[in-house]
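Worksheet: one structure, shown below.
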Amino acid sequence: MKLEWWKYLSIVILLYTLLFGMLVPLGPGIVEVSPSRATTGAQRSFDVWGYNTRFKDFDAINVVLKLDDEHCLPAADYSVESDYHLKATFDVPSMPEGMKKSEFATMIIYPAGSGTAILPSAVSLQDGEGGQVSTHWVPEDDFTFERITGLHFPYRNILMESIRNTYFHVALWFAMMFILGASMVYSIRYLRSGNLDWDLKASAYAQVGIVIGVMGIATGMIWAANTWGKAWSWDIKQTMAAVALLIYLAYFVLRTSVEDQEKRARTSAAYNIFAFATLIPLLYVVPRLVDSLHPGSGGNPAMGGEDLDNTMRLVFYPAIIGWTLLGAWVSQLVFRFLKVQHYARSKNLTEQY
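Right under this line is the structure:
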């Protein structure tokens, strides 16, 4: 028997994905800044709560408010209350010339643990009517960001620990596309050759692809319950994913409704090609035309450079390969079962099985 090493590779990769993806900690982040609004022209104090931070481990911490690359403001003073809580005081000058009267400022804290803690739009600054302060905005180049390069996944507000679901939910959808794509290729091969094995393989890969798709929707619902507050909200992405799976479920209804073997194979192959062709517009085109809570909709990118850092890539890309190889392995097992079933029927042995 040939040693099909790729089957064992899929298990190794998925074990690596599970262990590495679940055990590597998140980097430090800022959970909340209070108050979230302040006026300029006076001294303002903020309470800052962190996540996976170790404020007490450092003798000196830099706390900075940043409007843009040319306008940053270091804290005049700070006090560490605990590893996860500090108080920072800023002498906030008037808004820079040319900017709006109200702007959001990003808060940056470094060092904060195994990296730099950042909270975009942490504080809403508005020009006040108070007196002037002696400080002024300085460019980001004036700061030396001592970024600690510990091994960690990026902290993202709202997502927090659920960012690990990227290795399951997103990777499963990629694997589904590859498996269903293989199913379509086998349907094309059947139409060109008439070899029934290609039709059986197309059916096997489609079955496994649908199972992977259901797993993708299930993990997505878990993610949505954590980040959106509701597992199923009829978001356009969720709705289109459900429609896509229903189209593929109709493929199996079609296969069971046609008795003639050759007619069933030809009709199913043609429908399978159509079904895969609908996946692209349903999953990747329509959601981009409509506002949605899901990344990749309303014109925004599904995964930008800030969403997937180098550490996450070490797990994400292998996860796609692992799930795809596992899907191919299971598809081969289903194909063998379908072939035995077909042989039994052709020999009128069905009742014995």
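Each residue of the sequence shown is one higher than the one before, counting from 654 in this note's numbering.
All residues carry an ideal CB built from backbone N, CA and C; glycine is no exception.
Problem - From M830, Q891 and T769, residue whose alpha carbon lies closest to that of N705 - result: T769
Exercise for the section: From the DSSP output, in three-state form, read off W826 for me. Expected result: helix
Problem - Rounded C-alpha distance that separates G680 from K916 - result: 57 Å
Practice task
Output the distance between the C-alpha atoms of M654 and A894, rounded to the nearest integer angstrom.
Solution key: In this predicted model, M654 has a pLDDT of only 47, less than 50, meaning its place in the structure is not dependable enough to derive any value.
Practice task
Can you give me the Cβ contacts of R966 inside the same chain, cut-off strictly under 8 Å, excluding the 5 residues immediately before and after it?
Solution key: none
Exercise for the section: Just tell me which of G847, Y996 and E756 has its CA closest to the CA of D780. Expected result: E756
Handout entry: Boundaries (first-last residue) of the alpha helix (DSSP H) holding I666
Key = W658 to L676
Problem - Rounded Cβ spacing between Y843 and A918 (contact assumed at less than 8 Å) - result: 6 Å
Practice task
With a 10 Å radius around its C-beta and 16 neighbouring C-beta atoms as the bar for buried, classify K754 as buried or exposed.
Solution key: It is exposed - the Cβ of K754 has fewer than 16 other Cβ atoms within 10 Å.
Practice task
Return the CA-CA distance between W982 and K660, expressed in angstroms with no decimal places.
Solution key: 6 Å
Exercise for the section: Return yes when the Cβ of V677 is within less than 8 Å of the Cβ of L804, no when it is not. Expected result: The Cβ-Cβ distance between L804 and V677 falls below 8 Å.
Practice task
Could you work out which residue in S774, F673, I933 and R817 is closest to K719 when comparing CA atoms only?
Solution key: S774
Practice task
Find out if the Cβ-Cβ distance for the pair S815, N925 is shorter than 8 Å.
Solution key: no
Exercise for the section: Rounded to whole angstroms, what's the CA-CA distance from Q1005 to Q860? Just pull it up for me. Expected result: Only weak support exists for where Q1005 lies, its pLDDT of 45 falling under 50; the value from the coordinates is given anyway. A direct Cα-Cα distance of roughly 25 Å separates Q1005 from Q860.
Problem - Residue of P934, M829 and L772 minimising C-alpha distance to G1037 - result: The chain is shown only over 654 to 1006; residue 1037 falls outside these bounds and no answer can be derived.
Handout entry: Extent of the continuous beta strand (DSSP E) to which V791 belongs
Key = Premise fails: V791 is in no beta strand (DSSP E) and is neither H nor E.
Problem - Extent of the continuous beta strand (DSSP E) to which G768 belongs - result: Element bounds for G768: n/a, residue is neither H nor E.
Problem - Buried versus exposed, by CB contacts within 10 Å (16 or more), I664 - result: Here I664 is exposed, its C-beta having fewer than 16 other C-beta atoms within 10 Å.
Practice task
Answer yes or no: do G873 and H822 have a C-beta to C-beta separation smaller than 8 Å?
Solution key: yes
Practice task
Can you give me the start and stop residues for the beta strand (DSSP E) that G703 sits inside?
Solution key: A695 to Y704
Handout entry: Cα-Cα separation, L936 to A884
Key = Each residue's alpha carbon lies about 19 Å from the other.
Problem - CA nearest to the CA of R998, picked from G674, A758 and D913 - result: Looking at the Cα atoms, D913 is the closest of the given residues.
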